[in-house]
Amino acid sequence: MIRSLTRALVRPYRRTKPMTKRVAVLIPMRSEPAISDEEMVAVRQLDHFLPNHERFFLTPKGRPFHMEGYGCVECPRKYFGSIGAHSRMLLNPDFYKRFEEYEYLFFYHLDSIVLSPDLEKWMDEDWDYIGPPWVISQDTPWVKRQRVGNCGFSLLRVEAITKALLNRYRAEPSYYWSDKLIRSGARMPRVFRLLRKLGDSLPSAKFFRKTVKRWKKSESQDHNMDLFFSDKASIYNPEFRVAPFEEGLKFGFEADPRKCFELNGHRMPFGAHAWYKFDRQFWEAHLLSTSTHAHDEQSVG
18 MIRSLTRALV RPYRRTKPMT KRVAVLIPMR SEPAISDEEM VAVRQLDHFL
68 PNHERFFLTP KGRPFHMEGY GCVECPRKYF GSIGAHSRML LNPDFYKRFE
118 EYEYLFFYHL DSIVLSPDLE KWMDEDWDYI GPPWVISQDT PWVKRQRVGN
168 CGFSLLRVEA ITKALLNRYR AEPSYYWSDK LIRSGARMPR VFRLLRKLGD
218 SLPSAKFFRK TVKRWKKSES QDHNMDLFFS DKASIYNPEF RVAPFEEGLK
268 FGFEADPRKC FELNGHRMPF GAHAWYKFDR QFWEAHLLST STHAHDEQSV
318 G
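Shown next as structure tokens:
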């Protein structure tokens, strides 16, 4: 019954807008939108290498952030403040409907750096998802299998991920209903206590137990969007194409950049995520100077 109801409410993906644009660069911000001096490095690199693409800051509703050359997209405040909150936003198919006219979204967190103008080249590679790979390293002891990858600096095809997320709702209704409760604001503990009691009193009612379990996972720092993009999206959309590890290295580095550099044939990537967290010294020689950025601004002016 629950599955039938969910499938009646969640229809398979059907485009509602024509796809007229290639890519939007999305820059998520904190609960209180601001850019630190360190984060300005990301902005300088982006301004220099990708000045002609549409770029948007993602900010909490009612807290816009403005900078010349950038737009601003305001999103519900509940999707800011933690990795779990941000993950819930990017695992919500409604988020992608706002960008349906774009073929791709390029996520560029403010601890990222872009090192070349090759974004068009990477879109031409035709992957549905690519980001810096997770490598087996002392920096990332949790990694057991090397693969793509982190979404803090990533390229994601809008239609492919929307199909995967809607298909997940249809295949596993507990995802849909737990997300529905959270998005409607019904996140008070008493709501989930009631669901837990229903699950306990009705041993066969797996749906209620699953709904509570999904909610708990959504609160976990370990339940994040990049694991879904990398490992799960292709389950729900068999045509979803994740780039292989070797291609991911060409696209970006994250943890242990010196090891990544070796694995990538001593070649620098398109960019990187968490550059100042993992071996800042490795990256500093590849960053633009402030004088270069000032010259870029004068040239535009």
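Residues in the sequence shown are numbered from 18 upward in steps of one, following my numbering. By construction, the Cβ of each residue, glycine as well, lies at the ideal position given by its N, Cα and C atoms. Everything numeric in this text was worked out from a predicted model, so none of it was measured.
{"query": "Cα-Cα separation between Asn281 and Leu132, rounded to whole angstroms", "result": "15 Å"}
{"query": "Own chain partners of Trp300 with C-beta closer than 6 Å, once the 5 adjacent residues on each side are dropped", "result": "Trp292"}
{"query": "Distance between Ile130 and Asn241 (C-alpha atoms, nearest Å)", "result": "22 Å"}
{"query": "For Gly169, three-class secondary structure by DSSP", "result": "coil"}
{"query": "For His290: DSSP bridge partner residues", "result": "Ser129"}
{"query": "Local conformation of Trp151 per DSSP, three classes", "result": "strand"}
{"query": "Backbone secondary structure at Val60 - three-state DSSP", "result": "helix"}
{"query": "Thr37, DSSP secondary structure in three states", "result": "coil"}
{"query": "Counterpart residues of Cys89 in DSSP-defined beta bridges", "result": "Phe74"}
{"query": "Inter-stretch contact at 8 Å, needing at least 3 Cβ pairs: the stretch 145 to 154 / the stretch 100 to 107", "result": "no"}
{"query": "Spatial neighbours of Arg20 in its chain, beta-carbon cut-off 6 Å, leaving aside the 5 residues before and after", "result": "Pro190"}
{"query": "Sub-7 Å separation of Val3 and Phe116 beta-carbons", "result": "No information on residue 3 is available, as it lies outside the stretch 18 to 318 that the chain covers here."}
{"query": "Limits of the alpha helix (DSSP H) - the one that Trp300 falls within", "result": "297 to 301"}
{"query": "Element boundaries [alpha helix (DSSP H), containing Ala51]", "result": "Neither: Ala51 is in no alpha helix (DSSP H) and is coded neither H nor E."}
{"query": "Ala181 beta carbon less than 7 Å from that of Ala250", "result": "yes"}
{"query": "Local Cβ density within 10 Å of Tyr121, reported as buried at 16 or more and exposed below that", "result": "buried"}
{"query": "The stretch 162 to 179 touching the stretch 65 to 83, judged by at least three CB pairs closer than 8 Å", "result": "no"}
{"query": "Lys294 versus Leu172 - alpha carbon distance", "result": "21 Å"}
{"query": "Reduced DSSP category for Arg174 - H, G, I as helix; E, B as strand; rest coil", "result": "strand"}
{"query": "Thr23 - containing alpha helix (DSSP H), residue span", "result": "19 to 26"}
{"query": "Supposed close pair Leu67, Leu136 - CB separation, criterion 8 Å", "result": "6 Å"}
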